[in-house]
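Peer 1: Residue numbers (the working numbering), protein chains in the order written: chain A, 2 to 470; chain B, 3 to 262.
For every residue, glycine included, the Cβ atom is placed at its ideal position computed from N, Cα and C.
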Amino acid sequence: MIRTYYDEMYDGAGQVRPHYREFARWLADTPTELLAQRRREADLLFHRAGITFTLYGDELGTERLIPFDTIPRSIPASEWRVVERGCIQRVKALNMFLADLYHDQRIIKAGIIPAEQVLANEQYQLAMQGLDLHRDLYSHISGVDLVRDGDGTYYVLEDNLRTPSGVSYMLEDRKMMMRLFPELFAAQRIAPIDHYPNLLLDTLKSASPLDNPSVVVLTPGRFNSAFFEHAFLAREMGVELVEGADLFVRDDRVFMRTTDGPKAVDVIYRRLDDAFLDPLAFNPDSMLGVPGLLAAYRCANVVLANAIGTGVADDKSVYPFVPEMIRFYLDEEPILQNVPTFQCRNPDELSHVLAHLPELVVKETQGSGGYGMLVGPASTAAEIEAFRARIKAKPHAYIAQPTLCLSTCPTFVENGIAPRHIDLRPFVLSGKETRVVPGGLTRVALREGSLVVNSSQGGGTKDTWVVED
Amino acid sequence: MRLSISHETTYHYQDQVRASIQYLRLTPHDSERQHVLSWQLDLPRPVRAQVDPFGNILHVLTLDEPHDAIIIGARGQVEIDELREAEHESQSAWPFLRCTRLTEPDEALRRFAEQHCHQRRDRTALIDLMQALNQAMIYTPGATEVDTCAAQAFAGAAGVCQDHTHAFLACARSLGIPARYVSGYLYTEDCAHLASHAWAEAWLDDAWYSFDVTNQLARPERHLKLAVGLDYLDACPVRGMRRGGGHEQMHAKVFVAPQQ
Numbered sequence: 002m003i004r005t006y007y008d009e010m011y012d013g014a015g016q017v018r019p020h021y022r023e024f025a026r027w028l029a030d031t032p033t034e035l036l037a038q039r040r041r042e043a044d045l046l047f048h049r050a051g052i053t054f055t056l057y058g059d060e061l062g063t064e065r066l067i068p069f070d071t072i073p074r075s076i077p078a079s080e081w082r083v084v085e086r087g088c089i090q091r092v093k094a095l096n097m098f099l100a101d102l103y104h105d106q107r108i109i110k111a112g113i114i115p116a117e118q119v120l121a122n123e124q125y126q127l128a129m130q131g132l133d134l135h136r137d138l139y140s141h142i143s144g145v146d147l148v149r150d151g152d153g154t155y156y157v158l159e160d161n162l163r164t165p166s167g168v169s170y171m172l173e174d175r176k177m178m179m180r181l182f183p184e185l186f187a188a189q190r191i192a193p194i195d196h197y198p199n200l201l202l203d204t205l206k207s208a209s210p211l212d213n214p215s216v217v218v219l220t221p222g223r224f225n226s227a228f229f230e231h232a233f234l235a236r237e238m239g240v241e242l243v244e245g246a247d248l249f250v251r252d253d254r255v256f257m258r259t260t261d262g263p264k265a266v267d268v269i270y271r272r273l274d275d276a277f278l279d280p281l282a283f284n285p286d287s288m289l290g291v292p293g294l295l296a297a298y299r300c301a302n303v304v305l306a307n308a309i310g311t312g313v314a315d316d317k318s319v320y321p322f323v324p325e326m327i328r329f330y331l332d333e334e335p336i337l338q339n340v341p342t343f344q345c346r347n348p349d350e351l352s353h354v355l356a357h358l359p360e361l362v363v364k365e366t367q368g369s370g371g372y373g374m375l376v377g378p379a380s381t382a383a384e385i386e387a388f389r390a391r392i393k394a395k396p397h398a399y400i401a402q403p404t405l406c407l408s409t410c411p412t413f414v415e416n417g418i419a420p421r422h423i424d425l426r427p428f429v430l431s432g433k434e435t436r437v438v439p440g441g442l443t444r445v446a447l448r449e450g451s452l453v454v455n456s457s458q459g460g461g462t463k464d465t466w467v468v469e470d
Numbered sequence: 003m004r005l006s007i008s009h010e011t012t013y014h015y016q017d018q019v020r021a022s023i024q025y026l027r028l029t030p031h032d033s034e035r036q037h038v039l040s041w042q043l044d045l046p047r048p049v050r051a052q053v054d055p056f057g058n059i060l061h062v063l064t065l066d067e068p069h070d071a072i073i074i075g076a077r078g079q080v081e082i083d084e085l086r087e088a089e090h091e092s093q094s095a096w097p098f099l100r101c102t103r104l105t106e107p108d109e110a111l112r113r114f115a116e117q118h119c120h121q122r123r124d125r126t127a128l129i130d131l132m133q134a135l136n137q138a139m140i141y142t143p144g145a146t147e148v149d150t151c152a153a154q155a156f157a158g159a160a161g162v163c164q165d166h167t168h169a170f171l172a173c174a175r176s177l178g179i180p181a182r183y184v185s186g187y188l189y190t191e192d193c194a195h196l197a198s199h200a201w202a203e204a205w206l207d208d209a210w211y212s213f214d215v216t217n218q219l220a221r222p223e224r225h226l227k228l229a230v231g232l233d234y235l236d237a238c239p240v241r242g243m244r245r246g247g248g249h250e251q252m253h254a255k256v257f258v259a260p261q262q
């Protein structure tokens, strides 16, 4: 089967798209050996900076470098403005959905979402029922995963409203590009992104009703795959990086142990899943959380960002309802498209999915990180049959989507430059206002033909440019 | 019936505890079935009450001075409406369909539920299930641990009220019936050691109905409700953590008596 992919750099006739012309000229003028030398330099610098991630499912807990590709992904500013508006619209609606779900449940009463589907969902947190949050914000930091189909249309693949990661790579990739190729940034206007840590701190502070709240970053610890990012963001914001054991609760207030005695904590940017936050309220075996934290949170004595219970809104079984949420809460038409989605919990959709497995992408509703999914066209008959059995055993745990083409971007590979599939994760910050730094994280599937961009599955990253056109 | 309760829990530690924190669900609240006439907690230091995610009254006791014992007392009087079988509530019951580690049904529990209920999803079906579970899991103190899950206890064919309740919840939820864990007190003439008790509630016809597997009671005549939740961990009267202390000895004294 011949597929046509949308290439970010070249149009259908093989001509360089206007927003890439400057870069293409530079690439043609720069000697290959110099480029190779700069790439080796980048590898060395990333190693030295310790930018690594830990692979899950790897018993040795091996740390690996996420491959960085020096050919940027570039987006014309006029196109970006649409994507930006679309992401902001989506995150606003998702926050309104969460506020509604944990209060009046108007959207259920209106018959738009079935009660059972959200309320019996494991990610729906009873602890949030009736709790009022400052500014009614639940997802302060959101990552919206976008891909482009064959004709270049942007689609939202999923929303990440729990603890979205990757922003440190966005920032480090830019720093690296500016260091290796300063001339590129002099030749054209590329929107800056280095103010992200300031915006993040501002967002975290505005999540609290206090004037100057004290903020900490709570990490599960150095064995977490994103520990580098937790340390990085704490340092960039100039706030403390803490583990659960560094915090304690007394009389429903959260304190940090310091050498000068206990210090009150007002906002916790937590990079720890709900289930691990408080061993007295959730998973009792968790050594990562803070006993008593939930009670303090419910007394409104501390802010958690993101809030508890946001997972019910980015669950893949709730994803198909997001366009309806936008219409319901904002009375607007969605700016960004959803990928058509079959819900295996519905018998007629299930039989369609089972009849078309070789063409579809099947995902676990609770899965993330590219684990537990089937890419039909890239799978063997045996793999497909094995997955069929899993779907039949637990239909409600799966959704299926048509295999999107995913746009490509020229990428350095072993034998020169070749197109590889990419996605885009802009980071949306919701505080007094909703803001997005231009671009986001571009992930690239380095294996030829692969559509899985997750770093845990052999994906790399690229610097992402928004270029004035 | 008017019940008078006195409940004292004492923890003794081998070494000094540097700091401890307890979530206490030891205060009943008013409902259609019960009316709290008086209630008071005796704690090492004053603590403000709050409402937990399940609507239970929660006290969070934090102690950060070194201590080698904690005494937690609860006492009061509650009027029970013996004739009322079911209780209504405005909160949705859907969240009580989900399973937890302690209430996850395995194939054996699923099959057991199917065998005794078939297509029936009504109260008589759940009463049959309750009685069958009571036969299948012999009441045996010491046969299980506090963290034994429903499937393990069922496989071992033995357990206490906590295990009976977990197995019942696993079965009911696997049938698509929302069900929840209840902890509380039970008045019995004969055996005082049963006074601190656990049973289940299932959502049928828009109301919560009680199922006490251990005592084979589907009418909660002598049951005083303290707290509800998805499982034992949500509803247990005391759930705590401490730094230091070494070995712990716990002693509980519970008296439940009718008042005239």
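Indicate the three-state DSSP secondary structure (helix, strand or coil) for V7(A) in the structure shown.
Peer 2: Your numbering for residue 7(A) matches position 6 in the first sequence. A small fix is needed here, since residue 7(A) is Tyr in this sequence, not Val. Three-state DSSP puts Y7(A) in coil, outside helix and strand.
Peer 1: So, is I140(B) buried or exposed, given that buried needs 16 or more other C-beta atoms within 10 angstroms?
Peer 2: Reading the second sequence from its first residue, position 138 is the one you call residue 140(B). That one is exposed.
Peer 1: Would you say R27(B) and S185(B) are within 9 Å of each other, going by their C-beta atoms?
Peer 2: The sequence position of residue 27(B) within the second sequence is 25, counting from 1. The sequence position of residue 185(B) within the second sequence is 183, counting from 1. Cβ distance < 9 Å, so R27(B) and S185(B) count as in contact.
Peer 1: What three-state label does DSSP hand K317(A) in the structure shown?
Peer 2: Walking along the first sequence from the start, residue 317(A) turns up at place 316. K317(A) falls in the coil class under three-state DSSP.
Peer 1: For chain A, check one thing: does any of its Cβ atoms lie closer than 9 Å to the Cβ of Y25(B)?
Peer 2: Residue mapping note: residue 25(B) aligns to position 23 of the second sequence, counting from 1. Closer than 9 Å: yes.
Peer 1: Return the Cβ separation of A1(A) and H104(A) in integer angstroms, given the expectation that the two are a contact with Cβ distance under 8 Å.
Peer 2: Residue 1(A) lies beyond the stretch modelled for chain A, which goes from 2 to 470, so this question has no answer here.
Peer 1: Please classify G417(A) as buried or exposed, where buried requires at least 16 other C-beta atoms within 10 Å of its C-beta.
Peer 2: Counted from its first residue, the first sequence places residue 417(A) at position 416. Taking all protein chains shown into account, G417(A) has fewer than 16 neighbouring C-beta atoms within 10 Å of its C-beta and is therefore exposed.
Peer 1: With burial defined as no fewer than 16 other Cβ atoms inside 10 Å of the residue's Cβ, what is the status of V217(A): buried or exposed?
Peer 2: Here residue 217(A) corresponds to residue number 216 of the first sequence, with the count starting at 1. Classification of V217(A): buried, given that the 10 Å Cβ count is 16 or more.
Peer 1: Measuring straight from C-alpha to C-alpha, what distance separates Y155(A) and V145(A)?
Peer 2: For the purposes of this step, residue 155(A) is taken as residue 154 along the first sequence, with counting starting at 1. For the purposes of this step, residue 145(A) is taken as residue 144 along the first sequence, with counting starting at 1. In a straight line, the C-alpha of Y155(A) is about 12 Å away from that of V145(A).
Peer 1: Does any C-beta atom of chain B lie closer than 9 Å to the C-beta of R346(A)?
Peer 2: Working through the first sequence from its first residue, we reach residue 346(A) at position 345. So no, R346(A) is outside the interface.
Peer 1: Considering just the uninterrupted stretch of the alpha helix (DSSP H) at L95(A), what are its terminal residues?
Peer 2: Against the first sequence, residue 95(A) aligns to sequence position 94. Segment 78-102, the alpha helix (DSSP H) holding L95(A).
Peer 1: At a CB distance below 8 Å, what residues from the region 57-68 of chain B approach chain A? Give them in sequence order.
Peer 2: If the cut-off is 8 Å between Cβ atoms, the region 57-68 of chain B has L60, V62, T64, D66 near chain A.
Peer 1: Consider the Cβ of F189(A): report whether some Cβ of chain B lies at a distance smaller than 9 Å.
Peer 2: Counting from one through the first sequence, the residue named residue 189(A) turns up at place 188. Here residue 189(A) turns out to be Gln, not Phe, going by the sequence shown. Chain B, which has no Cβ nearer than 9 Å to the Cβ of Q189(A), makes this no.
Peer 1: Do N58(B) and A229(B) count as a contact pair if the criterion is CB distance below 9 Å?
Peer 2: Along the second sequence, one-based indexing puts residue 229(B) at 227. Along the second sequence, one-based indexing puts residue 58(B) at 56. For A229(B) and N58(B), yes; Cβs fall inside 9 Å.
Peer 1: List the residues that DSSP assigns as beta-bridge partners of S8(B).
Peer 2: Translated into the one-based positions of the second sequence, residue 8(B) becomes position 6. R77(B), F257(B), per the DSSP bridge assignment.
Peer 1: Report yes or no: is there a C-beta of chain B within less than 9 Å of the C-beta of V250(A)?
Peer 2: Start at 1 with the first residue of the first sequence, and residue 250(A) comes out as number 249. With 9 Å as the cut-off, V250(A) counts as an interface residue toward chain B.
Peer 1: Which first and last residues belong to the beta strand (DSSP E) in which C410(A) is found?
Peer 2: By one-based count along the first sequence, residue 410(A) stands at place 409. For C410(A), the enclosing beta strand (DSSP E) stretches over residues 409-414.
Peer 1: Determine the direct distance from the alpha carbon of T11(B) to that of R77(B), and round the result to whole angstroms.
Peer 2: Counting from 1 along the second sequence, the entry for residue 77(B) is found at position 75. Counting from 1 along the second sequence, the entry for residue 11(B) is found at position 9. If I take the Cα positions, the gap works out to 12 Å.
Peer 1: Using the beta-carbon count (16 or more within 10 Å), is D59(A) buried or exposed?
Peer 2: Residue numbering aside, residue 59(A) sits at position 58 when the first sequence is read from its first letter. Low local confidence applies: a pLDDT of 45 at D59(A) is under 50, so the model's placement there is unreliable, and no value is given.
Peer 1: Check the Cβ of P285(A) against every Cβ in chain B and list those closer than 7 Å, keeping chain order.
Peer 2: Translated into the one-based positions of the first sequence, residue 285(A) becomes position 284. Ordered by position in chain B, the residues that pass the 7 Å Cβ test against P285(A) are L235.
Peer 1: Taking R271(A) as part of the beta strand (DSSP E), name the residues at either end of that continuous run.
Peer 2: Along the first sequence, one-based indexing puts residue 271(A) at 270. Counting along the chain, the beta strand (DSSP E) containing R271(A) begins and ends at 268-271.
Peer 1: CA-CA distance, A259(B) and E191(B)?
Peer 2: By one-based count along the second sequence, residue 259(B) stands at place 257. By one-based count along the second sequence, residue 191(B) stands at place 189. Computed Cα separation, rounded: 9 Å.
Peer 1: Using 9 Å as the threshold, is the C-beta distance between P107(B) and A152(B) below it?
Peer 2: Residue 107(B) sits at position 105 when you count from the first residue of the second sequence. Residue 152(B) sits at position 150 when you count from the first residue of the second sequence. Yes, they are a contact pair.
Peer 1: Within 9 Å of any Cβ in chain A, is that where the Cβ of R50(B) sits?
Peer 2: In the second sequence, residue 50(B) corresponds to position 48, counting from 1. Interface residue, yes.
Peer 1: Taking its Cβ as the centre, do 16 or more other Cβ atoms sit within 10 Å of H357(A), making it buried, or is it exposed?
Peer 2: Against the first sequence, residue 357(A) aligns to sequence position 356. By the neighbour-count rule (16 or more Cβ atoms within 10 Å), H357(A) is not buried but exposed.
Peer 1: Starting from S185(B), find everything on chain A with Cβ-Cβ shorter than 7 Å and list it in chain order.
Peer 2: Walking along the second sequence from the start, residue 185(B) turns up at place 183. Ordered by position in chain A, no residue passes the 7 Å Cβ test against S185(B), which lies about 15 Å from the chain.
Peer 1: Hey, I194(A) and V429(A): beta-carbon distance below 9 Å or not?
Peer 2: As a first step, residue 194(A) must be located in the first sequence, where it is residue number 193. As a first step, residue 429(A) must be located in the first sequence, where it is residue number 428. It is not a contact, given that the beta carbons lie outside the stated cut-off.
Peer 1: Flag this pair as touching only if the region 72-92 of chain B and the region 38-50 of chain B have three or more C-beta atom pairs under 8 Å; answer yes or no.
Peer 2: yes
Peer 1: I'd like to know whether the C-beta of L177(B) is nearer than 9 Å to at least one C-beta of chain A.
Peer 2: By 1-based counting over the second sequence, the position of residue 177(B) is 175. Not one chain A Cβ lies under 9 Å of L177(B).
Peer 1: So which residues on chain B does E123(A) lean against when the C-beta distance must stay under 7 Å?
Peer 2: As a position in the first sequence, residue 123(A) is number 122, starting the count at 1. Near E123(A) (Cβ distances below 7 Å), the residues of chain B are R100.
Peer 1: Which residues in chain A sit within 9 Å of P239(B), going by Cβ to Cβ distance?
Peer 2: The sequence position of residue 239(B) within the second sequence is 237, counting from 1. Within 9 Å Cβ-Cβ: nothing; P239(B) doesn't reach chain A, min ~13 Å.
Peer 1: Based on the DSSP output, what are the partners of E89(B) in its beta bridges?
Peer 2: Numbered from its first residue, the second sequence carries residue 89(B) at position 87. Bridge partners of E89(B): W210(B).
Peer 1: Who are the Cβ neighbours of V19(B) in its own chain at under 6 Å, not counting the five residues just before and after it?
Peer 2: Taking the first residue of the second sequence as position 1, residue 19(B) is located at position 17. Cβ within range, chain order: H69, R244, G246, G247.
Peer 1: Beta strand (DSSP E) containing E241(A): first to last residue?
Peer 2: Taking the first residue of the first sequence as position 1, residue 241(A) is located at position 240. Start and end: 241-243.
Peer 1: Which same chain residues, not among the five before or five after L294(A), have their C-beta less than 7 Å away from its C-beta?
Peer 2: In the first sequence, counting from the first residue as 1, residue 294(A) sits at position 293. V250, V255, L278, D279.
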